[in-house]
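S.K.: There's a structure below that I have some questions on.
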Amino acid sequence: MADAAPSPDPAARPEGERIAKVLARAGVCSRREAERLIAAGRVSVDGRVLDSPALNVTDRARITVDGKPIPAAEPPRLWRYHKPPGLVTTTRDPQGRATVFAQLPATLPRVMSVGRLDLNSEGLLLLTNDGGLARHLEHPDTGWVRRYRVRVHGRVEPERLATLDKGVTVDGIRYGPVKAALERQQGANAWLLVALREGKNREVRRIMEHLGWGVTRLIRVGYGPFILGAMARGAVEEIPHRQVKDHLGKALHGGGGPSRRRRPPRG
Numbered sequence: 001m002a003d004a005a006p007s008p009d010p011a012a013r014p015e016g017e018r019i020a021k022v023l024a025r026a027g028v029c030s031r032r033e034a035e036r037l038i039a040a041g042r043v044s045v046d047g048r049v050l051d052s053p054a055l056n057v058t059d060r061a062r063i064t065v066d067g068k069p070i071p072a073a074e075p076p077r078l079w080r081y082h083k084p085p086g087l088v089t090t091t092r093d094p095q096g097r098a099t100v101f102a103q104l105p106a107t108l109p110r111v112m113s114v115g116r117l118d119l120n121s122e123g124l125l126l127l128t129n130d131g132g133l134a135r136h137l138e139h140p141d142t143g144w145v146r147r148y149r150v151r152v153h154g155r156v157e158p159e160r161l162a163t164l165d166k167g168v169t170v171d172g173i174r175y176g177p178v179k180a181a182l183e184r185q186q187g188a189n190a191w192l193l194v195a196l197r198e199g200k201n202r203e204v205r206r207i208m209e210h211l212g213w214g215v216t217r218l219i220r221v222g223y224g225p226f227i228l229g230a231m232a233r234g235a236v237e238e239i240p241h242r243q244v245k246d247h248l249g250k251a252l253h254g255g256g257g258p259s260r261r262r263r264p265p266r267g
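Numbering (my numbering), first residue to last: 1 to 267.
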């Protein structure tokens, strides 16, 4: 009988993090974009041009993109932004529509959004300079509630809203439990308060349309412990580090090492 294979030695596991993850957490680009940069021969580690993303690096590695070193480290930061309707949550839009990132103050460093709000949605959008923190906040396992005020066209029956507590399937897509309550009915329109944890693409709009009510306005008013409050449209405010630390704790330090690299300020 052949001998059993020895158990893997934890000490033999590669040190550090995958290069694509490091670039993403540094705010240089997304993981997918990092893989494209590597395939194009634009990323070097310690003077060696990479041809594969299958490489772990530590904070001792000298990483360059297009020959330029990734700048010095900076702690993760988080901002609240009151997104107006009519902006796309992307850095570039092939249709030439106005984007969120083109409207941000030039004094902000390179930032990415925590999730998205679609073109016609408005309200609270969190921004961060740290890719790892963004993914942590977006992940359903984090369990943070997204809260919205929603205006729909039609007469709303509260008992139909109550059925969403157990989740709903729309066009073959299963949505988890949704808490929804009627705030007020105004003639042919109604304002609802909606809370959910998953935040799938256009989830609120699709669920309301499934119930027969078209959404005419959608405002995100809260994301986990962070709220929109009385922020003016287009305003950006940094969340104090102490408040971020109180709410996120170890998530701020989960990546360690090379994930804390700063991009130069806009402009």
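Ideal Cβ placement from N, Cα and C applies to all residues, glycine included. Computed from a predicted structure; not experimentally measured.
For residue 62, collect the residues of the same chain with a Cβ closer than 6 Å to its Cβ; drop the 5 residues on either side in sequence, then sort them by chain order.
M.R.: Walking along the sequence shown from the start, residue 62 turns up at place 62. Same-chain partners within the cutoff: 46.
S.K.: Taking the straight line between their C-alpha atoms, what separation do you get for residue 271 and residue 238?
M.R.: Residue numbering for the chain in the displayed model covers 1 to 267; residue 271 lies beyond these limits and cannot be assessed.
S.K.: Beta carbon of residue 229, beta carbon of residue 146: below 7 Å?
M.R.: Numbered from 1 along the sequence shown, position 229 holds the residue referred to as residue 229. Numbered from 1 along the sequence shown, position 146 holds the residue referred to as residue 146. Contact flag unset, no.
S.K.: Please classify residue 130 as buried or exposed, where buried requires at least 16 other C-beta atoms within 10 Å of its C-beta.
M.R.: Indexing the sequence shown from 1 puts residue 130 at position 130. Flag for residue 130 reads buried.
S.K.: Assuming residue 24 and residue 34 are in contact, meaning their beta carbons sit under 8 Å apart, how far apart are those beta carbons, in whole angstroms?
M.R.: Counted from its first residue, the sequence shown places residue 24 at position 24. Counted from its first residue, the sequence shown places residue 34 at position 34. Residue 24 to residue 34, Cβ: 6 Å. Contact.
S.K.: Who pairs with residue 83 in a beta bridge, going by DSSP?
M.R.: Position 83 of the sequence shown, counting from 1, holds the residue named residue 83. DSSP, once it has assigned bridges, lists 123 as partnering residue 83.
S.K.: Just to confirm the assignment, what range does the alpha helix (DSSP H) spanning residue 207 have?
M.R.: Residue numbering aside, residue 207 sits at position 207 when the sequence shown is read from its first letter. From DSSP, the alpha helix (DSSP H) with residue 207 extends over 203 to 210.
S.K.: From what residue to what residue does the alpha helix (DSSP H) around residue 159 run?
M.R.: Working through the sequence shown from its first residue, we reach residue 159 at position 159. First-last of the alpha helix (DSSP H) with residue 159: 158 to 162.
S.K.: According to DSSP, residue 181 sits in a beta bridge with which residue or residues?
M.R.: Translated into the one-based positions of the sequence shown, residue 181 becomes position 181. Beta-bridge pairing links residue 181 to 193.
S.K.: Please classify residue 54: is it buried, with 16 or more other beta-carbons within 10 angstroms of its beta-carbon, or exposed?
M.R.: Within the sequence shown, residue 54 is the residue found at index 54, counting from 1. With a threshold of 16 other beta carbon atoms within 10 Å, residue 54 falls short and is exposed.
S.K.: Please determine, among 92, 84, 245, 201, the residue with the shortest C-alpha to C-alpha distance to residue 133.
M.R.: To locate residue 133, count along the sequence shown from 1; it is residue 133. Of 92, 84, 245, 201, the residue nearest in Cα terms is 245.
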